[in-house]
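Student: This is the structure I want to talk about, given as structure tokens.
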Amino acid sequence: MHLLHTKEVPISSTDLRKRIANQKSISGMVPPEAEEYITSHELYQKLSETSINLPKLMEKLESKLKPGRYRHTIGVMETAANLALRYCMPMEKLRIAGLLHDCAKCFDNKELLARCKKYNLPVSKAEKRSPHLLHAKVGAYLAEHEYGISDPAILQAIRLHTTGAPDMSLTEQIVFVADYIEPNRNRAKRLDEIRHMVYMDLDMGTLMILEDTIAYLKEKGDPLDETTEETYHFYKAKVEQAISDRVQ
Ligand code: DGI
Ligand code: FE
Ligand code: FE
Numbered sequence: 504m505h506l507l508h509t510k511e512v513p514i515s516s517t518d519l520r521k522r523i524a525n526q527k528s529i530s531g532m533v534p535p536e537a538e539e540y541i542t543s544h545e546l547y548q549k550l551s552e553t554s555i556n557l558p559k560l561m562e563k564l565e566s567k568l569k570p571g572r573y574r575h576t577i578g579v580m581e582t583a584a585n586l587a588l589r590y591c592m593p594m595e596k597l598r599i600a601g602l603l604h605d606c607a608k609c610f611d612n613k614e615l616l617a618r619c620k621k622y623n624l625p626v627s628k629a630e631k632r633s634p635h636l637l638h639a640k641v642g643a644y645l646a647e648h649e650y651g652i653s654d655p656a657i658l659q660a661i662r663l664h665t666t667g668a669p670d671m672s673l674t675e676q677i678v679f680v681a682d683y684i685e686p687n688r689n690r691a692k693r694l695d696e697i698r699h700m701v702y703m704d705l706d707m708g709t710l711m712i713l714e715d716t717i718a719y720l721k722e723k724g725d726p727l728d729e730t731t732e733e734t735y736h737f738y739k740a741k742v743e744q745a746i747s748d749r750v751q
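Okay, so the sequence shown: first residue is 504 according to this note's numbering, each after it adds one.
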């Protein structure tokens, strides 16, 4: 048995967890690295979705989506849960985000544009050219107003799931990646390689997805949304930086 002589710290972890659940700052009460980890992994937050009944949500979605799309949705939900466990994120939160990410996929382009007008959602030039991109934005709106989700991290993950965004939160990045690799997907090239990679290096996996999506869109002649492009450049630079840090 070793006795450790340490300074007495008059801070209890229970109090810290309570402060976080009540959205109070813990700045200066833990080392900065611990605070950064707690924030980026969304730890100890009160899950505002505790009242959410997942089976009911699933039933409602199943009635709205085509069978193939619903299967994909369940695949994304389970994959997001797996990745949540891998990257120490709240699993329930990621399941809900995965389940709802494509909840507006039942609308055609005309309906998506009409919904944006109705809900006062801005439509960019790129979205006007490719209105299917709007299912992400409209989906976030529906998740909040029709499926009762209030957690901003979930809503933002749904909003960004098609183009990604530079410097995504872990929740956003996991939904983005899960959407691409879920087990029912079978068309994209390098799928198995990417599936393997995202469990080893999430940023590298994200970069590979962006490379392949951009190549696919170029081949099809579809215009790139500038967010997709910015996201690609962000993760390319981040991965290159990580490699050069490792070499030094
Ligand atoms: O809704 P899903 O089919 O599950 O997946 P998604 O929301 O990622 O949408 C995939 C489609 O979106 C796929 O065909 C690629 C396309 N996409 C992704 N980024 C862009 C894009 N399409 C255009 N036009 N521009 C983009 O930047
Ligand atoms: Fe989608
Ligand atoms: Fe999807």
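Where a beta carbon is used, it is the ideal one built from N, C-alpha and C, also for glycine.
Considering only residues of the region 555-618, which uninterrupted alpha helix (DSSP H) runs meet the minimum length of 4 residues and lie entirely inside it, listed in chain order?
Tutor: 557-567, 570-589 and 594-603
Student: Using the rule of at least 16 other Cβ atoms within 10 Å of the residue's Cβ for burial, across every protein chain shown, is L546 buried or exposed?
Tutor: The residue given as residue 546 occupies position 43 in the sequence shown. The residue is exposed, with fewer than 16 neighbouring Cβ atoms inside 10 Å.
Student: Do H648 and F610 have their CB atoms nearer than 8 Å?
Tutor: In the sequence shown, counting from the first residue as 1, residue 648 sits at position 145. In the sequence shown, counting from the first residue as 1, residue 610 sits at position 107. For H648 and F610, no; Cβs fall outside 8 Å.
Student: Are the region 584-592 and the region 604-618 touching by the rule of at least three beta carbon pairs closer than 8 Å?
Tutor: no
Student: Under 7 Å: does the beta carbon of K569 sit that close to some heavy atom of ligand 2?
Tutor: Looking up residue 569 in the sequence shown gives position 66. K569: no, Cβ never under 7 Å from ligand 2.
Student: By Cβ distance, which residues of its chain are closer than 6 Å to P461, with the 5 residues on each side in sequence left out?
Tutor: Coverage of the chain is limited to positions 504 through 751, which leaves residue 461 absent and any answer about it impossible.
Student: Got a sec: does ligand 2 put a non-hydrogen atom nearer than 7 Å to the Cβ of T665?
Tutor: Taking the sequence shown and counting its residues from 1, one reaches residue 665 at position 162. True, at least one ligand heavy atom lies under 7 Å from that Cβ.
Student: Beta-carbon separation of T709 and T666 under 8 Å?
Tutor: Taking the first residue of the sequence shown as 1, we reach residue 709 at position 206. Taking the first residue of the sequence shown as 1, we reach residue 666 at position 163. No. Outside cutoff.
Student: Rounded to whole angstroms, what's the CA-CA distance from V678 to R598? Just pull it up for me.
Tutor: Walking along the sequence shown from the start, residue 678 turns up at place 175. Walking along the sequence shown from the start, residue 598 turns up at place 95. Whole-angstrom Cα-Cα distance: 9 Å.
Student: In the structure shown, what three-state DSSP assignment does K620 receive?
Tutor: Numbered from its first residue, the sequence shown carries residue 620 at position 117. K620 falls in the helix class under three-state DSSP.
Student: Measure from the alpha carbon of M580 to the alpha carbon of each residue in P570, L568, L602 and M592, then state which is nearest.
Tutor: By 1-based counting over the sequence shown, the position of residue 580 is 77. Ranking the options by Cα distance to M580, first place goes to L602.
Student: Output the distance between the C-alpha atoms of T758 and Y540, rounded to the nearest integer angstrom.
Tutor: As shown, the chain starts at 504 and ends at 751. That puts residue 758 outside it, with no answer to give.
Student: Roughly how many whole angstroms lie between the Cα atoms of A617 and Y644?
Tutor: Counting from 1 along the sequence shown, the entry for residue 617 is found at position 114. Counting from 1 along the sequence shown, the entry for residue 644 is found at position 141. Going by the C-alpha atoms only, they are around 13 Å apart.
Student: Could you spell out where the alpha helix (DSSP H) holding M703 opens and where it closes?
Tutor: Position 200 of the sequence shown, counted from the first residue, corresponds to residue 703. Unbroken alpha helix (DSSP H) run through M703: L694 to M703.
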